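Novice: Counting in my numbering, the sequence shown runs from 1 upward without gaps. Cβ atoms here follow ideal geometry from the backbone N, Cα and C, with glycine treated the same way. Predicted, not measured: the structure shown is a model, and the values here were computed from it.
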Amino acid sequence: VLDCEPINSEFVDQGLIQMLLDELYSRKQVCLTKDLETKSDLFMILSVLCEYNIDRKDILGESGVQLFIEYLKLCTNNTDNSSSAPQQILIVYVIDCIWACIVGALTVEQLFLENSGLYLLLDALERTNGSHVSMMILGTLVEMVDNKSCLMHLIAWKSSVDGKTTVLELFLKLWRDSSNEFLQIRG
Numbered sequence: 001v002l003d004c005e006p007i008n009s010e011f012v013d014q015g016l017i018q019m020l021l022d023e024l025y026s027r028k029q030v031c032l033t034k035d036l037e038t039k040s041d042l043f044m045i046l047s048v049l050c051e052y053n054i055d056r057k058d059i060l061g062e063s064g065v066q067l068f069i070e071y072l073k074l075c076t077n078n079t080d081n082s083s084s085a086p087q088q089i090l091i092v093y094v095i096d097c098i099w100a101c102i103v104g105a106l107t108v109e110q111l112f113l114e115n116s117g118l119y120l121l122l123d124a125l126e127r128t129n130g131s132h133v134s135m136m137i138l139g140t141l142v143e144m145v146d147n148k149s150c151l152m153h154l155i156a157w158k159s160s161v162d163g164k165t166t167v168l169e170l171f172l173k174l175w176r177d178s179s180n181e182f183l184q185i186r187g
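(1) Can you give me the Cβ contacts of L32 inside the same chain, cut-off strictly under 8 Å, excluding the 5 residues immediately before and after it?
(2) Buried or exposed: where does L141 fall if 16 or more other Cβ atoms within 10 Å of its Cβ makes it buried?
(3) If you follow the alpha helix (DSSP H) that G139 is in, where does it begin and where does it stop?
(4) Which of helix, strand or coil does DSSP assign to K57?
(5) What three-state label does DSSP hand P6 in the structure shown?
(6) Taking S47 as part of the alpha helix (DSSP H), name the residues at either end of that continuous run.
(7) How many Å lie between V48 and C4 at the Cα?
(8) So, using beta-carbon positions, are V103 and M144 closer together than 8 Å?
(9) Which of the three DSSP states, helix, strand or coil, is assigned to T128?
(10) Between S9 and L170, what straight-line distance do the alpha-carbon atoms span, to the nearest angstrom?
(11) Looking at the unbroken alpha helix (DSSP H) that takes in Q88, where does it start and where does it end?
(12) Short of 8 Å in beta carbon distance, which residues of its chain neighbour L126, apart from the five on each side in sequence? Order them along the chain.
(13) Taking 8 Å as the cut-off, decide whether the C-beta atoms of I54 and L20 are in contact.
(14) What's the call for M152, buried or exposed, on a 16-neighbour Cβ count within 10 Å?
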């Protein structure tokens, strides 16, 4: 059903996006080990509905953006090498949803920036050390830089780990790490 646009349009017209946001909001405090599949499905459905459709992205409004930021905080605060599998899985769905539901719609993108969403993405990038999640975050950032406000936020960011590292230093570290990994693979 998710690949059938007429049905999706009908669902959206009947308020499905708000229902999905309400359901995610009500499940925010539920333990991930008990609720990961449901949360992942809800984020995936939102991603499919909003991707490539600015009008649907705008439906999210401030409450939807704030909800994504709260989930991103939950994932970012728990993203390190020792974090649990459910948290590592959830961050993939949250970032995919941010990419599909926020990036490209100036209104919600601006709300995301104003509510420190970009800083949280960079914090997550800093903590995910070369994982596939890093690639998703970088892809999201690349598309967000089309918004001139985003550049100012990138320049202003400082590491939440040491309070000193800048975005340029973070990008250089990621580049060095990936170059070293490539050299190790080549032998």
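Specialist: Reading off the structure:
(1) K39, S84, P86, Q87 and L90
(2) buried
(3) Here the alpha helix (DSSP H) through G139 covers H132 to M144.
(4) helix
(5) helix
(6) L32 to C50
(7) Answer to the nearest angstrom: the Cα atoms are 11 Å apart.
(8) yes
(9) coil
(10) 41 Å
(11) A85 to C101
(12) The amino acid occupying residue 126 in the given sequence is Glu; Leu does not appear at that position. Excluding residues within five positions, the ones whose Cβ falls inside 8 Å are S159, S160, V161, T165 and L170.
(13) no
(14) exposed
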